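Protein chains in written order, with this note's numbering: chain A, 4 to 203; chain B, 271 to 486; chain C, 23 to 368.
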Amino acid sequence: MGVSCVFSYPVPEGRSGAQVVDILQKQVETMGGSKTGTFYVDCETYQSVMLNPPKTLHILHNSEYPASCFAILDSGATLVADTLFIALMSNLKNIYQAWKGAKIESKGNRFQLADFILKIGSVSLAGSFKGILLEVEYCPCIVASECWAMLKELLQSLIGNIAESPPSALKKKKWMKSTPQQPQCCSTWTISTTLGKLPP
Amino acid sequence: MEAAALAPSLKNIAPQQEYLLQGSILDTHRDVLLHRLRGLCDNAERNFEAFSDYEAVYVLRNSSTAQQSQNQHVTFRVRHALDHSDAPDHIRYLGQAELGDRSRHTLVRACLDVACSSNVRDFLTEMGFRIDHDYVVKGHFFHKGRMKVTVYKIFRLIQPNKTDPHNLEPLGQSHLVELSVVAPLGQEQIGEDMKNFAEQLKPLVLLEKFDHRKIQ
Amino acid sequence: MNQQQDQGQTDLIVQCLTLVQKLRHGVGQVFKDLSDGVSDYVEETTEKEDTDGASSKNETTSKDKTGSQKEVTVGGDKEESQEKHRAILRTLKASLETISHDFSDLEKTGSTINSVQSFSNIDNLSLDPVDKNTVMHSQLLQSYKWTNKMHEFATQAVTVLAQNSLKRTSSPKFTSSKMLKGSMHVACHVPPATVDQLIASLVLTYKDMGMDISISRPLGNSTILQVELCRVLRAVVVLRGLMIEWVKVKGLDETFESDDRQMDIWSSSRYQVFQKITDHAVAASLHYYAPAKPDLAIKSYLLWLQGYSTLFSSPCHKCGRYLQNNLPPTWRDYRSREPFHDVCRV
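Right, here's the structure in full:
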């Protein structure tokens with residue numbers, strides 16, 4: 004659960020995404036991080052047809068919760084369900100249709116650094132590379148504003164000034180406690196930063 | 271956890287089918303049936319397993335009035351256990367029932383069970399679903415191998431959204447009896463097994479395949 | 023009476039053993055004589071027999087016989103072999119007589135011995151003829167070694183502890199009687215009502231500081247305080263009377279309940295930061311130990327624990343950084359409650 008933050012890391016001119024990911028991973032390893040597997044986050048978007056008013060539904064999968072999926076409506080309502088929820092959506096295909104070309108996914112390695120979990124992943128939209136995301140999670144703390152300064156310190160040694168200000172989603176959810184029923188916060192941040200920073 | 275293992279599993283969801291036989295028994299003879307079932311089914315040494323569920327049926331219709339065809343609405347059934355408050359809620363989707371010809375012994379319909387968090391009813395409303403009707407079912411549950419037998423009674427809610435016992439009104443003088451198996455498509459052997467099991471409950475209950483469209 | 027009887031028994035047994043020894047010697051002699059048989063090397067034989075006979079003090083008769091045999095053999099030359107045979111037969115006869123005599127003696131004495139009662143299992147142990155089949159022996163040895171070692175350490179511990187005037191144990195063996203009369207005896211024998219009263223007042227005091235304290239007694243007389251520090255951590259403090267006995271710190275998303283809904287005060291947090299704080303909190307419980315003023319001790323201990331409310335949000339007082347070894351400042355100064363990293367404190 005913990006507090007997690009997602010940043011997009013710019014890819015400088017003349018370098019490939021894979022190179023940058025490699026550099027970041029080396030950096031995490033020199034800080035003392037150990038690789039604990041891979042991670043996978045993806046988001047599919049569905050749009051309503053002939054519903055008034057029109058609605059958009061995002062469905063996220065996160066390898067941290069391999070048997071679950073998270074559904075988020077544009078109104079902000081969220082639902083945690085079995086991965087089979089996708090099959091339910093196919094029964095709604097007359098009303099909610101998958102938005103082709105809006106599937107975003109992020110894949111990469113997962114690192115553990117004391118109580119921190121770092122994930123470095125390359126993001127692709129409908130199969131084409133779009134950028135690099137870095138997710139930092141601090142597990143023992145559950146209030147983002149409490150440990151923000153600490154996260155910032157860790158991030159500054161890793162990605163420099165990109166971590167100067169907290170992501171906007173974090174500011175909004177300042178005092179929000181995440182509970183076992185609402186692990187979707189972390190996914191919410193993922194999607195908001197993903198959609199905010201990477202134009203589809 | 272492995273991303274590679276996770277990704278394909280999302281795409282290959284085996285479609286599940288429910289094989290169903292239904293019947294009913296008068297309240298006064300229910301206990302005879304329960305004892306018969308206890309002897310026939312697994313775990314005979316245990317006490318009857320009771321259940322008490324709240325079920326709400328949600329319907330999503332197209333808001334455009336031009337196409338009012340029958341196929342344009344989808345029904346989701348949301349269930350949660352009243353006697354196990356910590357159990358997750360369920361969405362159940364049931365497809366169109368196929369009766370088939372005489373050679374097929376049971377009714378077959380697509381069936382999808384998805385466990386989800388307890389805010390599902392609000393979420394469905396946000397998605398555009400509207401509540402159609404709701405009720406409470408109470409009864410007993412047996413299983414033999416993969417066959418599931420339920421003997422239950424349907425209760426109407428006198429005031430909406432209240433599931434305490436005083437607010438429930440029993441419907442009819444009898445209990446419903448259902449024999450069902452949820453399995454992947456194309457296992458015809460199941461129908462045979464179910465027919466044999468149903469034979470053993472005669473003449474207490476006649477389990478048959480009912481065409482719901484005719485009842486409506 | 024019993025002792026006298028025992029004494030008589032022991033004497034009898036000793037007597038029997040001597041008789042058995044004698045009997046065995048006699049029988050041994052017979053077999054030896056038989057195996058020697060009629061020998062041509064008379065001198066050797068006699069010499070040997072002579073030395074053998076001299077070595078056994080009890081068998082006076084056989085010694086005499088061999089002496090006479092020697093004379094005989096030295097005397098005649100013609101009747102040598104015949105004489106030899108006779109001598110041997112005579113020796114054998116005498117020996118056998120001694121044996122039967124000894125045997126009847128033994129039988130007589132033996133019949134007067136009562137059967138020995140076994141007193142414990144350890145007696146039966148010695149009766150077991152097959153040592154290999156029982157691991158008991160090696161186990162006994164092992165435990166003997168351990169007991170010895172423990173005794174040694176305990177003696178050393180007593181010497182070390184004797185130099186220290188502050189003691190947590192109130193046993194008169196380890197504390198001087200002067201100490202026992204003091205209030206430390208009182209600190210761990212406080213009626214639950216008094217504890218409740220004190221904690222209730224503390225609950226009110228610390229409520230404003232973002233600290234929720236709840237009290238329970240699932241383990242009998244010991245009081246368990248569950249402390250929830252505003253948005254940071256959860257802790258259990260186990261009290262004996264008013265003495266702090268056990269502290270465990272965990273994260274807010276962890277629980278002190280085991281699977282079967284029992285209180286679980288043993289398991290550690292899965293987070294490194296709270297494992298570290300648990301260590302510090304245990305050390306602090308010793309620092310804040312004041313048997314003379316137990317209420318003050320608990321109060322100041324909880325105040326110190328309250329200092330962790332800024333665990334994630336305040337930098338180290340010395341190095342000014344938040345993270346050291348990827349951990350926040352996990353130590354709080356006992357007086358000023360200022361945050362320090364584990365490695366930064368002086």
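Just so you know, even glycine gets a beta-carbon here, dropped at the ideal spot from N, CA and C. All values reported here derive from a predicted model rather than from experimental measurement.
Asked                                                                                                           : Found
C/N243 versus C/D218: straight-line alpha-carbon distance, rounded                                              : 12 Å
Residue ranges of each alpha helix (DSSP H) within the stretch 287 to 353 of chain B, 4 or longer               : 300 to 310
Any chain A beta carbon closer than 8 Å to B/Y363                                                               : yes
Range of the contiguous alpha helix (DSSP H) that encloses C/M172                                               : M158 to A184
C/I235 beta carbon less than 8 Å from that of C/Y13                                                             : What the structure shows of chain C is the stretch from 23 to 368, and residue 13 of chain C is not part of that stretch, so it cannot be assessed.
N-terminal and C-terminal residue of the alpha helix (DSSP H) that C/D124 is part of                            : E102 to T134
Separation of C/S307 from C/A184, as counted between CA atoms                                                   : 21 Å
Contacts of A/E149 in chain C (Cβ-Cβ under 9 Å)                                                                 : R253, V254, T332, L333, F334 and S335
Between the CA atoms of B/V419 and B/G293 - distance to the nearest angstrom                                    : 11 Å
Close Cβ partners of C/D364 (< 7 Å) along its chain, the five nearest in sequence each way excluded             : K298, T352 and W353
Between the CA atoms of B/A351 and B/Q470 - distance to the nearest angstrom                                    : 30 Å
Sequence-distant residues of the same chain with beta carbon closer than 6 Å to C/Y310, five excluded per side  : A319, S322 and Y323
From C/H211, C/I287 and C/V182, residue whose alpha carbon lies closest to that of C/V259                       : C/I287
Closer than 8 Å to chain C by CB, A/C144                                                                        : yes
Own chain partners of B/I428 with C-beta closer than 6 Å, once the 5 adjacent residues on each side are dropped : N437 and E439
Host beta strand (DSSP E) of A/Q150 (start-end)                                                                 : The residue you asked about is not Gln; residue 150 of chain A is Cys in the sequence shown. First-last for A/C150: A147 to I162, but that is the alpha helix (DSSP H), not the beta strand (DSSP E).
Backbone CA spacing between C/C38 and C/K44 [nearest angstrom]                                                  : 10 Å
Beta carbon of C/G48 nearer than 8 Å to that of C/I121                                                          : yes
Limits of the beta strand (DSSP E) - the one that A/G20 falls within                                            : Taken as a continuous stretch (DSSP letters only), A/G20 belongs to no beta strand (DSSP E), being part of the alpha helix (DSSP H) at G20 to T33.
Cβ pair count under 8 Å reaching 3, the stretch 13 to 28 of chain A against the stretch 74 to 92 of chain A     : no
Cβ-Cβ separation, A/L54 to A/I98 (assumed contact under 8 Å), whole Å                                           : 6 Å
Distance between beta carbons of C/S331 and C/P361, contact taken as under 8 Å                                  : At roughly 11 Å, the Cβ-Cβ gap does not stay under 8 Å, so C/P361 and C/S331 are not in contact.
Contact under 8 Å by Cβ, B/S355 with A/V83                                                                      : no
C/L220 to C/G263 span [Cα, whole Å]                                                                             : 11 Å
Within 8 Å, strictly: CB atoms of A/P57 and A/Q50                                                               : yes
Any non-hydrogen atom of the ligand MG closer than 7 Å to A/Q100 Cβ                                             : With respect to the ligand MG, the structure offers nothing, as it holds no ligand at all.
Identity of the residues DSSP links to B/K418 by a beta bridge                                                  : B/H413 and B/S450
Within 7 Å of chain A by C-beta, residues of the stretch 269 to 289 of chain C in sequence order                : G273, L274 and D275
is_contact[B/E288, chain A] using C-beta, thresh 8 Å                                                            : no
Strand pairing of B/H360, partner residues [DSSP]                                                               : B/R349 and B/A385
Proximal residues to C/F296 (C-beta, below 6 Å), its chain only, five neighbours per side dropped               : V271, K272 and G273
Status (buried if at least 16 other CB within 10 Å, exposed otherwise) for C/A176                               : exposed
Beta-carbon separation (whole angstroms), A/C142 vs C/Y293, contact threshold 8 Å                               : 6 Å
Proximity winner among C/E105, C/V254, C/L325 and C/Q248, relative to C/F278 (alpha-carbon distances)           : C/Q248
8 Å contact criterion, which B/D383 and B/V329 should meet: CB distance rounded                                 : Not quite, the Cβ-Cβ distance comes to about 19 Å (not below 8 Å), so this is no contact.
Contacting residues, own chain, Cβ-Cβ under 6 Å from A/G40 (five flanking each side not counted)                : R113
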